[in-house]
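Here's the structure, in structure tokens; my notes come after.
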Amino acid sequence: MVPGPVEVEDEVLAAMSGQLVAHYGKEWASFYNEVVDKLKELFGTTGDLFVYPGSGHLGVDACIGSLFEPGECVAVVTNGYFGERLAELALANELQVVRIEAPWGKAVDPAAVGATLDAHPDVKGVLVVHGETSTATLNPVPGIAREAKSRGRLVVVDAVSSAGVVPLEIDAWGVDAFATASQKGLGAPPGLVIVGVGRAAWQAIDRRTQPIRGWSANLKVWRTYAENERDFQPYYVTMPVSIVRALDASLALIRREGAAERYRRHAEVSAAFRQGISRLGLELVGDPDHPLPSVTAFRTPPGIASEQWRQRLAERGFLLSTGLGAMEAVVLRIGHMGKHATLEQARAFCRALASLLD
Ligand SMILES: *Cc1c(COP(=O)(O)O)cnc(C)c1O
Numbered sequence: 004m005v006p007g008p009v010e011v012e013d014e015v016l017a018a019m020s021g022q023l024v025a026h027y028g029k030e031w032a033s034f035y036n037e038v039v040d041k042l043k044e045l046f047g048t049t050g051d052l053f054v055y056p057g058s059g060h061l062g063v064d065a066c067i068g069s070l071f072e073p074g075e076c077v078a079v080v081t082n083g084y085f086g087e088r089l090a091e092l093a094l095a096n097e098l099q100v101v102r103i104e105a106p107w108g109k110a111v112d113p114a115a116v117g118a119t120l121d122a123h124p125d126v127k128g129v130l131v132v133h134g135e136t137s138t139a140t141l142n143p144v145p146g147i148a149r150e151a152k153s154r155g156r157l158v159v160v161d162a163v164s165s166a167g168v169v170p171l172e173i174d175a176w177g178v179d180a181f182a183t184a185s186q187k188g189l190g191a192p193p194g195l196v197i198v199g200v201g202r203a204a205w206q207a208i209d210r211r212t213q214p215i216r217g218w219s220a221n222l223k224v225w226r227t228y229a230e231n232e233r234d235f236q237p238y239y240v241t242m243p244v245s246i247v248r249a250l251d252a253s254l255a256l257i258r259r260e261g262a263a264e265r266y267r268r269h270a271e272v273s274a275a276f277r278q279g280i281s282r283l284g285l286e287l288v289g290d291p292d293h294p295l296p297s298v299t300a301f302r303t304p305p306g307i308a309s310e311q312w313r314q315r316l317a318e319r320g321f322l323l324s325t326g327l328g329a330m331e332a333v334v335l336r337i338g339h340m341g342k343h344a345t346l347e348q349a350r351a352f353c354r355a356l357a358s359l360l361d
């Protein structure tokens, strides 16, 4: 129950046990393209979507380094560890960064984004983490995107811990580029990054005055292979075929349950975790009005480091993570995605926690 990677369903494990095949050829390419189409449908986009070997950050890096040129300015929402990471990635890509800060555990107000954009006409795009995993907070991406798009700015979203557990409506919200990964809400093993790129993002890429640096995280390179090699090998590297099969199996489970029902289940279970932990007199971390349904975070009782609590809970069969950054020693984080998003699990966990507090 760490906040990713997740334990996967038996069907997903079974899908990985088949003999390996080459990652190219008509048959394989058609299977891969179907997986891509299923993801586009799930995320509500008719834009381009790429599935590549790698983890979530590779996708975020590819979006930032491709949409923006060195020296250009971006606004970065920073209200947690992964928001700070976005700023780090922007700086590593030699961009100017304007921060839109909110306290850790508080969702950012879209109006604050609008105000920052009005004050900084040079900001070309907004970078935001949807599910801030460090504080179990869901930033209001639809409202943030509305503020940005109404001012003609680009929107790039880190959806690593939100995709598959909350609705993503990429096109309807006006998100220009986003990245997620296989190992969290999508219920598959780690190893694949998923990147979506819309029309306005491609326009920005095609209008660049300097070429995109590098090759491996270069969306133009990805597009070239997707367009020219669609029926044989629509990507430039060796694909971990077993993980693609696993992702497909997990997408089949999501489809069988129904995406809407899956989102409802995660919201219900997340509420049960929060309620159970509050009842024990412990303080929750995260915005009560904007909870991230895949993760619950809480402050551990004072006097004993969170790592000690983590070990005690692990002895009882619940493997959690500590907090991140300044919250490391005082916070525990529970991942409840996919297989572990059940009310029984929430109750069993709260009983174990209660027995430790006695
Ligand atoms: C887990 C997580 C990441 C890290 O992704 P990797 O796949 O490890 O690169 C990035 N952003 C958020 C919000 C996450 O929860």
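Residue numbers (my numbering): 4 to 361.
A virtual CB, placed ideally from N, CA and C, is assigned to each residue, including glycine.
Opposing strand residues paired with residue i [DSSP bridges]
| i | result |
| --- | --- |
| P294 | T140 |
| Q405 | Any answer about residue 405 is impossible in this case: the structure gives the chain only from 4 up to 361. |
Selection from the options that minimises the alpha carbon distance to residue i
| i | options | result |
| --- | --- | --- |
| I173 | G50, R226 and V79 | G50 |
| R302 | V111, A252, E331 and V244 | E331 |
| A182 | V198, W176 and G167 | V198 |
| S363 | W312, L70, L283 and H60 | No answer is possible for residue 363: it lies beyond the span of the chain, which begins at 4 and ends at 361. |
| L157 | V111, A207, S219 and D234 | A207 |
| P237 | N36, A18 and L23 | N36 |
| R210 | F276, L70 and P294 | L70 |
| K223 | K41, L16 and I67 | I67 |
| P214 | R313, A78, E232 and P73 | P73 |
| A25 | T345, V79, T138 and V247 | V247 |
| E271 | I307, R216 and G341 | G341 |
| P106 | S153, L254, W218 and T140 | T140 |
| K109 | A275, E97 and H133 | H133 |
| M242 | V54, G117 and G7 | V54 |
| A17 | V240, S253 and E232 | S253 |
| V163 | V80, H339 and L189 | L189 |
| Y239 | W218, S245, V288 and E91 | W218 |
| V159 | L171, V129 and W176 | V129 |
| V111 | V80, S137, V100 and F85 | V80 |
| G284 | I307, S309, C353 and A262 | C353 |
| V151 | T136, G21, D161 and V178 | Note that residue 151 is Ala in the sequence shown here, rather than Val. A151 has its Cα closest to that of V178, out of T136, G21, D161 and V178. |
| G328 | T138, V101, V38 and W205 | T138 |
| G83 | Q99, I103, R154 and E97 | I103 |
| L256 | G7, G21 and K41 | K41 |
| V77 | A65, E310, F85 and L98 | L98 |
| R85 | V244, P56, G21 and D161 | For the record, residue 85 in the displayed sequence is Phe; it is not Arg. Per the Cα distances, D161. |
Simplified DSSP state of residue i, which is helix, strand or coil
| i | result |
| --- | --- |
| A105 | coil |
| A78 | strand |
| V111 | coil |
| Y55 | strand |
| L287 | strand |
| Q22 | coil |
| Y35 | helix |
| E10 | coil |
| Y27 | coil |
| F432 | With the chain covering 4 to 361 only, the question about residue 432 has no answer from this structure. |
| D361 | coil |
| V240 | coil |
| G86 | helix |
| G261 | coil |
| F71 | coil |
| V15 | helix |
| V5 | coil |
| F352 | helix |
| A252 | helix |
| A344 | coil |
| E62 | Per the sequence shown, residue 62 should be read as Gly rather than Glu. Three-state result, G62: helix. |
Integer Cβ distance of residue i from residue j, believed to fall under 8 angstroms
| i | j | result |
| --- | --- | --- |
| G326 | R315 | That pair is no contact at about 16 angstroms. |
| R149 | P113 | 7 angstroms |
| S324 | V196 | Not confirmed; about 21 angstroms, so no contact. |
| S273 | P296 | 4 angstroms |
| E87 | K127 | At roughly 20 angstroms, the Cβ-Cβ gap does not stay under 8 angstroms, so E87 and K127 are not in contact. |
| V9 | G338 | 7 angstroms |
| R420 | P294 | In the structure as shown, the chain starts at 4 and stops at 361, and residue 420 therefore has no counterpart that could be examined. |
| A90 | R233 | A90 to R233, Cβ: 36 angstroms. No contact. |
| V11 | A191 | 6 angstroms |
| V334 | A300 | 6 angstroms |
| A249 | V15 | 5 angstroms |
| I147 | V169 | That pair is no contact at about 15 angstroms. |
heavy atom of ligand 2 below 7 angstroms from residue i C-beta
| i | result |
| --- | --- |
| V79 | Among the ligands present in this structure, namely ligand 1, ligand 2 is not found. |
inquiry  = Which runs of the beta strand (DSSP E) at least 3 residues long sit entirely within the region 116-184? Give them in chain order.
reply    = 126-132, 157-161 and 180-184
inquiry  = My parser needs the beta strand (DSSP E) runs of 3 or more residues fully inside the region 298-341; what are they?
reply    = 298-302 and 334-338
request  = Enumerate, from N- to C-terminal direction, the unbroken alpha helix (DSSP H) stretches of 4 or more residues contained entirely within the region 176-235.
outcome  = 202-209 and 222-231
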